[in-house]
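Chains as they are written, first to last, in my numbering: chain A, 1120 to 1291; chain B, 84 to 482. Think of the CB as a built atom: it goes at the ideal place given N, C-alpha and C, for glycine as much as any other residue. Below you'll find the structure, written out as structure tokens, and then a few comments.
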């Protein structure tokens, strides 16, 4: 029986000094890494520890939250059905260099989820095949879930997109 | 496509691009599909979402935890009360408190009723898209009975705003639970009638078997959950695997099919309705007595007579309304089994009365991301049948 604490120990042992932050709250554990270690971490979880599911990708903007060296985090919620355990990997993304490697080739769901994080936070996913806005309109300016985007701002948007046919990455 | 012989040169054919939606009767919500057709066969698909995007997550960062409850019900509006039950449970996890057993049983009862109407609407509308209108009336007729019960319990039919952080707002009125038992007894007849009309129906089987197949591998890669995953042979239900609200004490089965097609998804939903009925009846039979709300004055509003007649009660009420519930700093993910799969709330708290960040993991978003893949190479009519069986609810897809 593997617990979240065991997973945290294994991931920490694997990454050693490359772990930026390790946290636990109410029995839920997280490990924060640099974007360059992301793919290695997710593959380690998938292939070594049996986390075959990437349930969710979400961004968080920590502007004004506390004194941390990075502004954004991208959170990868993983699930292992065989061990019935969850785990979260987070990557620290600075405002100056806001790019993260895409994992759409490992999990197809990442294609849309990463588009949403780009749409809402302006975080770029390298090697993403189709990094367009997904919820907001093409003409939308800014990134709505950033803390410095005022909730009352209104934008006038006109025409629907002409062509939305996918580049086949979604149907291949 | 017509095969051309060597004598006659093939007719020049261009691909035809058509739009389906955003306002199309078969999309049951505002979705836009662009299809590239060769004859009637779909060769390329573009899916555009976001027509119902209303900034739910941004809004939730700007209002107190308890004010998110009515918003949450507008996620999956086919089974509204489950979303708010799950939201309150997520907040309780963040606060480290637990609702009283009677409140948890009431959540099970209301959530399973929500699942029944969610599946009833899904099956009914899916069959309408395939030309079987009768079933739609049978299912909607039954849904009205559940709405009547909801109205009796909460005063509202659809958006009931029933649970609270730390419990539920009202205990069930006298005779309500007996009324639920009576309405549950009617359900078997409805499900038997509708499934009897379609499950061995040649037209229905031809329209659905082998149509819109989600394989097990696709389901894992797209993190498809809920009935769509169970139809693809994934035996996983959060009520079983990671039980909450006392589901571990109730007996029910997880229906699993292996074909992964539209037919299998419909059959899984029929069987899940029956399991939900069993769950409701067991929860009613074993419902404990006692309070339906915690007494913690940092979470629960004081009773009205205390507010009107005592200074402490008035101050407590004022503090909770004006300054809100303040969970400790931290982050928490809670997942429940919604009508369409895993409904997750990821909350980051800064210790204030509003969530610093609320990320919703809507089951539909993942389920719909597989849709372009499963209709490529199929007919337009098959795409309509498959779309209905995935049960896309634009409210939670676009948030």
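Residue 378 of chain B in three-state terms, based on DSSP: coil
Interface flag, residue 1274 of chain A vs chain B, CB-CB below 8 Å: no
Rounded C-alpha distance that separates residue 1353 of chain A from residue 1162 of chain A: The first residue shown for chain A is 1120 and the last is 1291, placing residue 1353 of chain A beyond what the model contains.
For residue 1180 of chain A, the residue or residues it bridges with in DSSP: A:1191
Residue 415 of chain B: contacting residues in chain A (beta-carbon distance under 8 Å): 1144, 1145, 1147
Short CB-CB distance (under 8 Å) between residue 1186 of chain A and chain B: no
Test: residue 1226 of chain A CB closer than 8 Å to a CB of chain B: yes
Extent of the continuous beta strand (DSSP E) to which residue 100 of chain B belongs: 99 to 103
Distance CB(residue 1200 of chain A)-CB(residue 1231 of chain A) smaller than 8 Å: no
Alpha helix (DSSP H) segment containing residue 63 of chain B, residue limits: Coverage of chain B is limited to positions 84 through 482, which leaves residue 63 of chain B absent and any answer about it impossible.
Burial state of residue 379 of chain B (16 or more Cβ within 10 Å): exposed
Per-residue DSSP class, three states only, for residue 1198 of chain A: strand
Residue 103 of chain B versus B:415, B:94, B:132, residue with shortest Cα-Cα distance: B:132
Reference residue 1238 of chain A; option with closest CA among A:1165, A:1157, A:1252: A:1252
Rounded separation between residue 1211 of chain A and residue 408 of chain B - CA only: 29 Å
Proximal residues of chain B, C-beta to C-beta of residue 1264 of chain A below 7 Å: 140, 141
Inter-residue spacing [alpha-carbon to alpha-carbon] between residue 306 of chain B and residue 1228 of chain A: 6 Å
Cross-chain neighbours of residue 1125 of chain A in chain B, by beta carbon under 7 Å: Under the 7 Å cutoff, chain B gives no residues; its nearest Cβ is about 17 Å from residue 1125 of chain A.
Opposing strand residues paired with residue 1164 of chain A [DSSP bridges]: In DSSP, residue 1164 of chain A forms no bridge with anything.
Which of helix, strand or coil DSSP assigns to residue 160 of chain B: coil
At least three beta-carbon pairs within less than 8 Å, the region 159 to 169 of chain B to the region 243 to 257 of chain B: yes
CA-to-CA distance, residue 308 of chain B to residue 138 of chain B, given in whole angstroms: 24 Å
Spatial distance of residue 357 of chain B from residue 466 of chain B (CA atoms): 28 Å
Pair within 8 Å by beta-carbon distance, residue 189 of chain B and residue 251 of chain B: yes
Residue 53 of chain B and residue 1144 of chain A closer than 8 Å at C-beta: Residue numbering for chain B in the displayed model covers 84 to 482; residue 53 of chain B lies beyond these limits and cannot be assessed.
DSSP state of residue 87 of chain B mapped onto helix, strand, coil: Low local confidence applies: a pLDDT of 49 at residue 87 of chain B is under 50, so the model's placement there is unreliable, with the coordinate-based value given in what follows. Note: residue 87 of chain B maps to coil in three-state DSSP.
Residues, ordered as in the chain, of the region 1194 to 1208 of chain A that lie near chain B by beta-carbon distance below 9 Å: 1194, 1196, 1198, 1200, 1203, 1205, 1207
Residues that residue 272 of chain B contacts on chain A, provided the C-beta gap is smaller than 9 Å: Result: empty, since nearest Cβ-Cβ is about 36 Å, beyond 9 Å.
Residue 1269 of chain A versus residue 442 of chain B - alpha carbon distance: 18 Å
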